[in-house]
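J.: The numbering used here puts the last residue of the sequence shown at 332; the count rises by one with no breaks.
Dumping the structure here so I can ask a few things about it.
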Amino acid sequence: MKRLTTLLGVLGLLGGCAGSGGSSPWLIDRGDAAPRACAPLSQDQELALNLAQETADEGRLHAALANLERLPNSLPEARLRKARILRSLNRPEAKDLYASLVDTCLKAQGEHGLGQLASAEKRYDEALKHLRLAVSLAPTSDTMRNDLGVVYMNLGRLEEARFELLTSQELNQAEKRPALNLLTLLIYQDNLKQASALVTRMGFSANQFRAAELRAQALRRELGGKEGAPMAVAPVVPAVANPAVAPASSRPVQPATPGAATVVASQPAMTGIPAAPLSNRAPAPATPVSVQAVQMVPGRLVVPDDGGVVRVEPASSGRGEAIVPISGY
Numbered sequence: 004m005k006r007l008t009t010l011l012g013v014l015g016l017l018g019g020c021a022g023s024g025g026s027s028p029w030l031i032d033r034g035d036a037a038p039r040a041c042a043p044l045s046q047d048q049e050l051a052l053n054l055a056q057e058t059a060d061e062g063r064l065h066a067a068l069a070n071l072e073r074l075p076n077s078l079p080e081a082r083l084r085k086a087r088i089l090r091s092l093n094r095p096e097a098k099d100l101y102a103s104l105v106d107t108c109l110k111a112q113g114e115h116g117l118g119q120l121a122s123a124e125k126r127y128d129e130a131l132k133h134l135r136l137a138v139s140l141a142p143t144s145d146t147m148r149n150d151l152g153v154v155y156m157n158l159g160r161l162e163e164a165r166f167e168l169l170t171s172q173e174l175n176q177a178e179k180r181p182a183l184n185l186l187t188l189l190i191y192q193d194n195l196k197q198a199s200a201l202v203t204r205m206g207f208s209a210n211q212f213r214a215a216e217l218r219a220q221a222l223r224r225e226l227g228g229k230e231g232a233p234m235a236v237a238p239v240v241p242a243v244a245n246p247a248v249a250p251a252s253s254r255p256v257q258p259a260t261p262g263a264a265t266v267v268a269s270q271p272a273m274t275g276i277p278a279a280p281l282s283n284r285a286p287a288p289a290t291p292v293s294v295q296a297v298q299m300v301p302g303r304l305v306v307p308d309d310g311g312v313v314r315v316e317p318a319s320s321g322r323g324e325a326i327v328p329i330s331g332y
């Protein structure tokens, strides 16, 4: 009897652990099985899609859309490319096209697009539902995780935001968007030591740093100017191939007390202010940001225009100006 009681207790603990994973950003609940695989494309269809993509990458979005019109509208891949182009052109038709994909082999991409559109309109709770579902279907998509991080940030859920941004950065270390969003978050939290290390590691320019600073300032204004409140952030939007995410948040979180140790662990971001442009050349080696506790020092981070040493200058009189988030539209 004693052995049976012990066994039931262990099973109860295991059941509790399994049931608690749904709310943790560290564990993805895949729910239903992944959607069916897409049917193979014909050679002509592949050629048309590639041509449309190349044209879009050159910035000729209207021409790319015209090339896609040569393909049957029943082709999910064609609808996805059209939706991305129309979203870049701020056309309302993008929403219906993304919605038409949620019952196809491109369900994850459809949910992602709907999440981006909702985030751009600051409907963050709705965006969160779409993006969490997209990530559950495509957990290794760096763009989806970056965008989910942005939404979390705009909702003031900084722990989840940092996690998603770090995950995105580690999945694609050549991509600077998640690192720029993470930089905005660190500046917002006055975590200047890690912000300085990130700027040096990623080789960010003075202009990129200033853009992150502006985003952090904007976020603080949107969250009511609370000095320790989480900042609203937004992703840097790629041309068309891999569109990024959206805007900023609403409810503030507990202020960060100067001098208290803080841990960097999660990560999100989205849209709101002109996002940093993506370059075609590989950036400096991107070593993932380590999750470690650091001492937060009041002051300001100085990134020289001439590429000199990044340094932290002590604050002369209290805090500097408030900071703002990254935007992607």
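Using N, Cα and C, we set each Cβ at its ideal position, and we do this for glycine too.
Everything numeric in this text was worked out from a predicted model, so none of it was measured.
Go ahead and pull the three-state DSSP assignment for leucine 44.
T.: Of the three classes helix, strand and coil, the one that applies to leucine 44 here is coil, per DSSP.
J.: In angstroms, rounded to a whole number, what distance separates the CA positions of leucine 14 and alanine 137?
T.: Confidence at leucine 14 is low in this model, with a pLDDT of 40, below 50, so its placement is unreliable and the value that follows should be read with caution. Rounded to the nearest angstrom, the two C-alpha atoms are 32 Å apart.
J.: Would you identify the three-state DSSP class for leucine 186, choosing helix, strand or coil?
T.: helix
J.: Using beta-carbon positions only, say whether proline 79 and leucine 44 come within less than 8 Å of one another.
T.: no
J.: Please report the distance separating the alpha-carbon of asparagine 210 from that of leucine 185.
T.: Taking the straight line from one Cα to the other gives about 16 Å.
J.: Measuring straight from C-alpha to C-alpha, what distance separates valine 202 and alanine 214?
T.: 12 Å
J.: Please classify glutamine 197 as buried or exposed, where buried requires at least 16 neighbouring CB atoms within 10 angstroms.
T.: buried
J.: Assuming serine 171 and glycine 159 make a contact with CB atoms under 8 Å, what is their CB distance in whole Å?
T.: At roughly 19 Å, the Cβ-Cβ gap does not stay under 8 Å, so serine 171 and glycine 159 are not in contact.
J.: DSSP three-state call for leucine 304: helix, strand or coil?
T.: If DSSP states are grouped into helix, strand and coil, leucine 304 belongs with the strands.
J.: By the 10 Å Cβ neighbour count, where 16 or more other Cβ atoms means buried, how is serine 144 classified, buried or exposed?
T.: buried
J.: Quick one: using the 10 Å Cβ neighbour count with 16 as the cut-off for buried, is arginine 39 buried or exposed?
T.: exposed
J.: Is glutamine 220 buried or exposed, if buried means 16 or more other CB atoms sit within 10 Å of its CB?
T.: When all chains shown are included, glutamine 220 counts as buried.
J.: Helix, strand or coil for glycine 231? Go by DSSP, reduced to three states.
T.: Reliability fails at glycine 231, whose pLDDT of 43 lies under 50, so the model's placement of it is uncertain and no value is given.
J.: Skipping 5 residues on each side, what residues in its chain have a beta carbon closer than 6 Å to that of cysteine 41?
T.: The answer, listed in chain order, is Cys108.
J.: Determine the DSSP secondary structure at serine 199, reduced to helix, strand or coil.
T.: helix
J.: Is it buried or exposed for asparagine 149, if we count other Cβ within 10 angstroms and need 16 for buried?
T.: buried
J.: So is histidine 65 buried or exposed if we call it buried at 16+ other beta carbons inside 10 Å?
T.: exposed
J.: Compare the beta carbon distance of asparagine 93 and tyrosine 127 with 8 Å and say whether it is the shorter of the two.
T.: no
J.: Please classify asparagine 194: is it buried, with 16 or more other beta-carbons within 10 angstroms of its beta-carbon, or exposed?
T.: buried
J.: Please identify the residue among Lys132, Thr187 and Glu173 whose C-alpha is closest to the C-alpha of threonine 146.
T.: Glu173
J.: Going along the chain, which residues of its own chain have a beta-carbon closer than 6 Å to the beta-carbon of alanine 111, five neighbours each way excluded?
T.: The answer, listed in chain order, is Ala137, Leu140 and Ala141.
J.: Tell me which residues share the same chain as leucine 120 and place their Cβ nearer than 6 Å to its Cβ, disregarding the 5 neighbours each side in the sequence.
T.: Lys98
J.: Excluding sequence positions up to five away, which residues of its chain have a Cβ less than 6 Å from the Cβ of arginine 284?
T.: Residue placement at arginine 284 is flagged as unreliable, the pLDDT there being 33, under the threshold of 50; the coordinate-derived value follows with that caveat. Closer than 6 Å at Cβ, skipping near neighbours: no residue.
J.: My understanding is that arginine 82 touches leucine 100, with C-beta atoms under 8 Å, so please give their C-beta distance in whole angstroms.
T.: At roughly 5 Å, the Cβ-Cβ gap stays under 8 Å, so arginine 82 and leucine 100 are in contact.
J.: Taking its Cβ as the centre, do 16 or more other Cβ atoms sit within 10 Å of alanine 69, making it buried, or is it exposed?
T.: A residue is called buried once 16 or more other Cβ atoms fall within 10 Å of its Cβ, and alanine 69, having fewer, is exposed.
J.: Note the first and the last residue of the continuous alpha helix (DSSP H) segment covering serine 122.
T.: 110-123
J.: Mind checking alanine 51: buried by the 16 CB within 10 Å criterion, or exposed?
T.: Looking at its Cβ environment, which holds 16 or more other Cβ atoms inside 10 Å, alanine 51 is buried.
J.: Let me know the secondary structure DSSP gives alanine 356 once reduced to three states.
T.: No answer is possible for residue 356: the residues shown for the chain start at 4 and end at 332.
J.: Which residues in the same chain have their Cβ closer than 7 Å to the Cβ of tyrosine 155, if we skip the five residues on either side of it in sequence?
T.: Around tyrosine 155: Glu163, Ala164, Glu167 and Pro271.
J.: Thinking just about the alpha-carbon of each residue, which of Gly206, Ile190, Ala200 and Leu189 is nearest to the one in glutamate 178?
T.: The shortest C-alpha to C-alpha distance from glutamate 178 to any of Gly206, Ile190, Ala200 and Leu189 is the one to Gly206.
J.: Ordered along the chain, which non-local residues of its own chain (more than five positions away) have a Cβ less than 6 Å from that of leucine 131?
T.: Scanning its chain for C-beta atoms nearer than 6 Å, with the 5 sequence neighbours on each side dropped, one finds around leucine 131 the residues Val154, in chain order.
J.: Quick check: what's the CA-CA separation for glutamate 49 versus arginine 90?
T.: 22 Å
J.: Among the residues of its own chain, which have a CB less than 6 Å from the CB of lysine 85, if the five just before and after it don't count?
T.: Leu71 and Leu100
J.: In angstroms with no decimal places, state the Cα-to-Cα distance between arginine 63 and aspartate 47.
T.: If I take the Cα positions, the gap works out to 21 Å.
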